[in-house]
Structure formats: structure tokens, C-alpha cells
Amino acid sequence: MSTADWKNYEPVIIPDIKDLDKIDVYVKNGGYKALESILKDKKKWADPKSVINEVKEANIRGRGGAGFNAGLKWSFMPPADGGPRYLACNGDESEPGTFKDRKIFEYNPHIFIEGALIAAYAMEITTIYVYIRGEYKAYIDMMEKAIADAYEKGYIGKNILGSGYSVNFYVTYGAGAYICGEETSMLESLEGKRGYPRVKPPFPAQKGLWGRPTTINNIETLAHVPSVINRGAEWFKSVGAENHPGAFLYGISGHVNRPGVYELPSGVPVLELINDVAGGMRNGKKLKAVIPGGSSTPVLRADQLDGITMDSESLRTVGSMVGTAGMVIMDEDTDMVDVLWRIAHFYHHESCGQCTPCREGTGWLEKILLKIKNGEGEVKDLDLLLDLTTQMEGRTICALADAAAWPVRYTINRFRDEFEARCKKVIKASNKAISHQS
Amino acid sequence: MAYEFTKEDLKEIEKIKAKFPEVMPATLPVLWVAQKRFGHVEPEVQKLVAKTLDLPEAHVHGVATFYTQYYKEEKGKFVLDVCTCLSCQLCGGYDILHYLEKKLGIKTGNTTEDGMFTLNQVECLGACGYAPMLQVTNDKYVNHLTPEKVDKLLDDLKEGKEPEYEKIGMPRRKNI
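Sequence order for the protein chains is A and B. Under numbering that gives the first Met the number 0, the first residue of the first sequence carries the number 0, and numbering increases by one thereafter. Under numbering that gives the first Met the number 0, the first residue of the second sequence carries the number 0, and numbering increases by one thereafter.
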């Protein structure tokens with residue numbers, strides 16, 4: 000299916016089926032068939048490695064934002080040595096603009112559970128944890144119920160479906176900390192500590208939970224796995240954009256008529272997502288800007304969007320990223336200075352404080368932006384902000400500093416006029432090229 | 000005041016401990032059990048958690064103070080966490096926050112004199128498509144807020160009626 004046919008795509012993860020969250024309905028609609036196949040069909044799936052190979056071939060790029068091939072990640076696990084091995088499913092979704100995994104918890108929890116069980120079998124894992132952000136109390140309860148049901152039906156636990164394979168599956172949750180979505184911070188939190196990201200290497204595949212081999216995957220990433228097993232890697236690759244295949248759960252929010260989460264192939268044109276899927280702009284306003292994949296991904300001006308599609312290749316040509324596909328749509332009345340200050344406030348609040356460039360840098364970004372927002376800034380402050388971003392990026396243990404720096408750099412570069420207009424003293428002598436390119 | 004867990008709490012704590020190969024991972028969930036029981040986890044409660052799990056008090060204090068959802072001091076009967084982050088900011092989150100400040104007669108971060116409501120401004124709660132919204136005492140989300148909806152929520156809460164879970168239907172294909 001080419002991306003032009005997106006209107007004919009049949010949703011797999013959140014299809015229009017009533018009560019799909021109930022295990023009987025899920026099974027009636029072909030649920031847990033993929034798990035049964037990999038456990039029992041030895042002709043098709045000779046060993047756990049054959050499952051990893053299929054998933055690697057499908058190229059499910061991590062839907063938590065990093066976009067790394069999930070099967071390739073699985074292949075980094077060292078050979079089993081008889082000791083415990085863990086799968087930690089990342090349901091911490093907290094990146095502003097992202098609200099997709101909760102739809103899986105609510106409408107189709109078993110497709111995620113089945114995907115996690117397949118991943119666990121493929122990597123010879125002994126225990127699965129799903130870590131859900133503490134604010135998602137409702138979804139934590141829903142997952143507890145879904146997992147209890149799957150235990151009762153014999154899809155989780157000892158000797159699953161008579162295969163000899165056993166695994167435990169537990170729900171665990173946070174208590175309010177964006178940083179715990181960073182994979183090693185999540186491991187620390189799961190271990191009952193403050194969520195400080197770990198220095199890598201060693202990577203979690205070598206030393207993860209309690210020093211044992213661990214793989215971390217996003218919820219949506221795992222929810223794609225059962226259909227790769229059922230329909231094959233070739234089918235998955237035939238959906239959406241060539242280099243970023245499969246469906247996305249697009250979360251569309253902001254100034255549109257029909258915000259929400261939509262399952263469609265990757266690579267749908269940004270403007271069609273806004274106008275056709277999300278029902279166009281509210282109150283007939285003009286489009287001003289789009290943040291394509293959560294608050295850390297560089298903002299795009301409306302005039303940059305012609306022909307741009309939601310996949311990493313296309314977005315790269317205009318200097319942005321697909322991230323979590325959490326799209327924030329802004330209309331002509333949006334004050335970009337206010338928006339950027341609020342994003343900077345978020346990252347300052349959420350910095351864990353471990354690394355100096357991030358702890359101090361995020362604070363300065365917010366402070367300087369607040370000054371500009373209040374009309375007390377100077378044009379040279381804009382260059383100070385840009386300089387600050389280069390002092391933060393790539394100098395810390397985790398990517399939070401980068402996530403804080405990017406929006407500052409790109410919002411200023413792409414809306415420089417607006418920022419300058421807000422500054423008190425416009426220094427005429429400044430010969431800095433004011434460019435809309437970048 | 001001396002805090003003690005009930006028998007049911009201790010049973011739940013045993014269940015939590017069984018999920019993990021060590022006791023330390025029980026820290027976060029047991030702090031949640033404590034907060035549910037006492038309404039907060041002020042230092043004396045943190046000490047009880049440490050004693051119950053046989054972990055250092057400093058460790059439990061460190062964890063309790065890292066995560067924003069743990070109340071390190073007593074709060075109002077209902078805590079209103081208004082999201083003002085990005086999508087909520089764009090869709091009027093600050094208007095809702097200011098409306099609540101006016102209506103409750105308090106500044107953000109404070110509790111009403113009758114101890115009924117605490118008003119907070121919080122970071123993204125992952126309800127971006129349903130903005131503006133707020134969360135009531137770490138539990139139910141109230142979405143698509145308008146001044147009228149806020150009025151009704153406050154009236155209901157004063158009568159002890161907590162909001163129900165708001166199921167937001169999936170966008171239907173035929174609408175696309």
C-alpha cells in the first residue's frame with residue numbers, strides 16, 4: 000500500500016471493534032494466534048531466533064521517538080545463561096503532544112500483551128514489566144485487569160499453551176517524572192530509586208534491571224509485533240513509507256477541529272493529516288506552525304510543509320523528526336514566544352539535575368525566554384540562547400538536554416522576526432543574517 | 000502522630016514485594032499505598048515506609064522527593080492539577096487555571112481555607128487531544144474544560160461526588 004492510499008488502510012491496533020479490550024472479544028477476532036504460532040508451529044518458527052529475524056526484517060522503528068529497529072534491538076541480547084532476563088515495556092508516555100499509548104491500554108490492551116509475550120519468547124526472557132506513568136491511574140487499573148485475564152486464560156504464566164515456555168508479567172508504575180520515559184531512568188525507577196538516567200555503556204542488553212540483560216520497548220512498538228508474525232515482515236514493510244514502515248498512531252492536538260489519535264500508515268502528508276483527518280483548522284483560522292512528533296522535535300512553519308510526509312526521511316529534508324508522531328498544530332494567532340517559553344519551562348521542571356549542562360542550561364533557557372516574553376529582552380539574548388543550546392547538546396548522560404535545546408534553536412531560527420519584535424532593544428548594528436532557512 | 004499501616008495495607012505490600020526479586024523496587028508502590036492511606040507522605044510517613052520495607056530512611060526520602068505525585072505535606076481534600084503544558088496552553092489551559100484561582104480565591108499552589116481544594120499547575124498529563132483538562136487528586140481526568148464544566152465539577156466535589164472516568168471514543172473512520 001503506498002502512502003497515497005492511506006484512506007483505505009484498515010486499522011490493526013485500534014480497529015473499530017466493540018469491546019476489543021475484553022479478552023474473549025480479542026481472541027474471537029484472531030487474538031493470541033500469533034503467540035500460539037510462534038510457540039507451537041515449529042515448521043514456521045524453528046527457534047526464538049527465527050522470530051527475532053522476522054521482526055528485524057519488518058523494520059518496526061521504535062515508536063517511542065528514537066526510531067530504532069526493534070528486532071535489531073532484540074538481537075543485542077546476549078545468549079541465555081539460565082539466569083533472569085527482563086523485558087521492560089515503556090508506557091511512561093509524557094512527551095508533550097503525545098497521548099497514543101493510553102489508547103492501546105484502553106481499547107486493545109491484549110495486542111500489546113501479545114506483542115510483549117512474543118518479544119519475551121524471542122529473547123528468552125523470564126519476566127516482563129510494563130511501567131506506566133503514575134498519572135495514568137485509569138490505564139494502570141485497565142492493564143492490571145487485562146494481565147490478570149491473560150493469566151487466567153493461560154497466555155501468561157507457567158508452560159504457556161503447553162509449550163514449555165514460562166514467563167511472568169507485572170504492572171508497575173511511576174509517580175510523576177517525565178525523565179522516567181528515558182529507558183535507563185525507567186530501569187532506575189523500576190528498581191525503586193530516583194529516576195536518574197544511567198551512563199551507557201553498559202547498555203541495558205548487557206546490564207539492565209538488577210544487572211541482568213534487559214530490553215526496553217515502547218508500548219506501540221510491541222503492539223505492532225503480532226501483525227508482523229501473523230502477516231509477515233513483507234506485509235508490514237508494504238504499509239506506509241519505505242524507510243519508516245508500518246502504521247503510526249498519530250496523536251493530533253492543538254488548533255484543529257477533530258483532535259485525537261488516528262491509526263494510519265506512516266508517511267501521510269502533514270497537510271492531509273491536518274485538513275482531512277483532523278478536520279481542518281478551528282474557527283477557519285490559517286495554519287501557522289506544526290510540531291510534528293512531540294515537543295522536542297523541531298517546529299515547522301506552514302510554508303515548509305508542502306509535500307512533506309510524516310516519516311523520518313521526508314521530515315529530515317526540512318530539518319525535523321517524526322518522534323512520537325504526536326503532532327501539535329498551531330494557528331495564526333499563536334504566540335511563538337509564549338509557546339517556546341512554555342516548552343522551556345517544561346524541560347527545566349523535568350530535568351533530573353544529574354548533569355550540570357542540563358540542570359543549569361534548562362534553567363537559563365527558561366529565564367531568558369521569560370525575560371523576552373515579558374518584553375524585557377534584547378536581540379542579543381536570542382544569540383545567547385542559541386549559544387546556550389550548543390553548550391547543552393550532546394554533553395549530558397541522556398537526551399533531555401538535547402530535547403530542551405532543539406525547540407529553542409529551531410523556534411528562534413524559524414520565527415526570528417517574532418522574537419526580535421518582542422525584544423526591547425533592537426540593535427540595528429547587529430549584522431546577524433536573519434534567515435528563514437535552516 | 001504515629002502512623003501505622005492496616006492489616007489490608009500490609010497484605011497489599013506483601014503482594015507488591017512478590018513482583019520483584021528484591022525489596023527496594025517496592026519503594027514507589029508502597030509510597031502509593033501510604034499516600035492512599037494517609038493522604039500524603041510527609042516525613043513521618045516516609046519513615047514508616049522505610050521501617051516497613053527495612054530500607055534506609057534517606058532512600059525513601061530521596062524517592063518521595065523526586066516524584067511530583069507524592070504529596071510531601073498535607074493537601075486539600077481534593078487536589079486539582081490543571082495542565083498548562085503545550086497543547087493545553089494552546090487550547091486555554093491558563094484561562095482555566097486563572098478561572099479556578101478566581102473562583103476558589105487562591106493562588107496556584109495553595110489550598111482553600113476550608114481545606115477543600117488545592118490548586119496546582121502541572122506538566123503534560125498526556126491528554127493533549129482533549130485539552131484543556133485537569134486531574135483530580137492523582138485519579139480521574141476531566142477533559143474539554145469550560146468554565147461551566149469547572150463550576151459543575153466544583154459543586155459535585157463539594158457534595159463529595161467524584162468525577163466518573165470519561166471514556167473518549169475513538170475517532171471513527173467514516174468521519175475521515
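We treat Cβ as the ideally placed atom computed from N, Cα and C, and that holds for glycine.
query: Measuring only the C-alpha atoms, how far is B/Cys84 from A/Pro47?; result: 43 Å
query: Run down chain B in chain order and give the residues with a C-beta less than 8 Å from the C-beta of A/Asp18.; result: Going along chain B, no residue has its Cβ under 8 Å from A/Asp18, so there is no contact; the nearest lies around 12 Å.
query: In angstroms with no decimal places, state the Cα-to-Cα distance between A/Ser437 and A/Thr410.; result: Confidence at A/Ser437 is low in this model, with a pLDDT of 41, below 50, so the placement of that residue should be treated as unreliable; the coordinate-derived value is given next. Going by the C-alpha atoms only, they are around 11 Å apart.
query: So what does DSSP say about A/Lys21, is it helix, strand or coil?; result: coil
query: Whose C-alpha, out of A/Thr183, A/Glu262, A/Glu392 and A/Tyr31, is nearest the C-alpha of A/Tyr8?; result: A/Glu262
query: Beta-carbon separation of A/Lys287 and A/Met329 under 7 Å?; result: yes
query: Report the rounded CA-to-CA distance for A/His347 versus A/Phe75, giving the unit in angstroms.; result: 34 Å
query: Could you give the distance in angstroms between the alpha-carbon of A/Glu271 and the alpha-carbon of A/Trp5?; result: 10 Å
query: For A/Ala45, which of helix, strand or coil comes out of DSSP?; result: coil
query: Enumerate in chain order the residues of its own chain whose CB-to-CB distance from A/Leu383 is below 7 Å, with the five nearest sequence positions on each side excluded.; result: Ile367
query: Let me know the beta strand (DSSP E) ranges lying completely inside the stretch 204-274 of chain A, each 3 residues or longer, listed in chain order.; result: 213-217, 246-253 and 259-264
query: In terms of DSSP beta bridges, what is B/Leu118 paired with?; result: B/Leu79
query: Does the distance from the C-beta atom of A/Tyr31 to that of A/Tyr154 stay below 7 Å?; result: yes
query: Name the DSSP beta bridge partners of A/Asn167, please?; result: A/Thr126
query: On a Cα-Cα basis, can you pick out the residue from A/Ala149, A/Gly66 and A/Phe414 that is closest to A/Met335?; result: A/Phe414
query: Roughly how many whole angstroms lie between the Cα atoms of A/Ile147 and A/Gly362?; result: In the sequence as presented, Ile is not what sits at residue 147 of chain A; that position holds Ala. Roughly 44 Å between the two C-alpha positions.
query: Are the CB atoms of A/Ser311 and A/Val11 within a distance shorter than 7 Å?; result: no
query: Give the secondary structure of A/Gln353 by DSSP, where H, G and I count as helix, E and B as strand, and everything else as coil.; result: coil
query: Run the CB neighbour count on B/Leu9, radius 10 Å, all protein chains shown included, and call it buried at 16 or more, exposed below.; result: exposed
query: Check this for me: beta carbons of B/Val44 and B/Tyr70, under 7 Å apart or not?; result: no
query: Name the chain A residues that come within less than 9 Å of B/Leu118, Cβ to Cβ?; result: Those do not exist, as B/Leu118 stays about 17 Å from chain A at its closest Cβ, beyond 9 Å.
query: Just how far apart, CA to CA, sit A/Pro291 and A/Arg62?; result: 13 Å
query: Which chain A residues are close to B/Gly38, counting only those with a beta carbon under 7 Å from its beta carbon?; result: Residues of chain A passing the Cβ test: none, with the nearest at roughly 15 Å.
query: Can you tell me whether A/Ala87 is helix, strand or coil according to DSSP?; result: strand
query: Rounded to whole angstroms, how far is the Cβ of A/Asn256 from the Cβ of A/Gly279, which I believe are closer than 8 Å?; result: 6 Å
query: Assuming A/Ile124 and A/Leu38 make a contact with CB atoms under 8 Å, what is their CB distance in whole Å?; result: Not quite, the Cβ-Cβ distance comes to about 14 Å (not below 8 Å), so this is no contact.
query: Flag B/Asp8 as yes if its beta-carbon sits less than 7 Å from any beta-carbon of chain A, otherwise no.; result: no
query: Distance, Cα to Cα, A/Ile103 vs B/Val48?; result: 33 Å
query: Under a three-way DSSP split, which group does B/Tyr164 fall into?; result: coil
query: In angstroms, rounded to a whole number, what distance separates the CA positions of B/Glu161 and A/Glu105?; result: 21 Å
query: Please state whether DSSP places A/Leu286 in a helix, a strand or coil.; result: strand
query: A/Ala432 to A/Asn412, Cα distance in whole Å?; result: The predicted model places A/Ala432 with a pLDDT of 45, which falls under 50 and marks its position as unreliable, so this point remains unresolved.
query: In chain order, what residues of the same chain lie with their CB nearer than 7 Å to the CB of A/Val407, ignoring the 5 residues before and after it?; result: Leu339, Ala343, Leu364, Leu384 and Thr388
query: At the 7 Å Cβ level, is A/Ala176 part of the contact set with chain B, yes or no?; result: yes
query: Give me the DSSP bridge partner(s) of A/Ile131.; result: A/Gly90 and A/Tyr172
query: Give me the subset of the stretch 322-355 of chain A whose CB atoms are less than 9 Å from a CB atom of chain B, sorted by chain position.; result: Gly325, Val327, Ile328, Met329, Asp330, Thr333, Asp337, Val338, Arg341, Ile342, His344, Phe345, His348, Glu349 and Cys351
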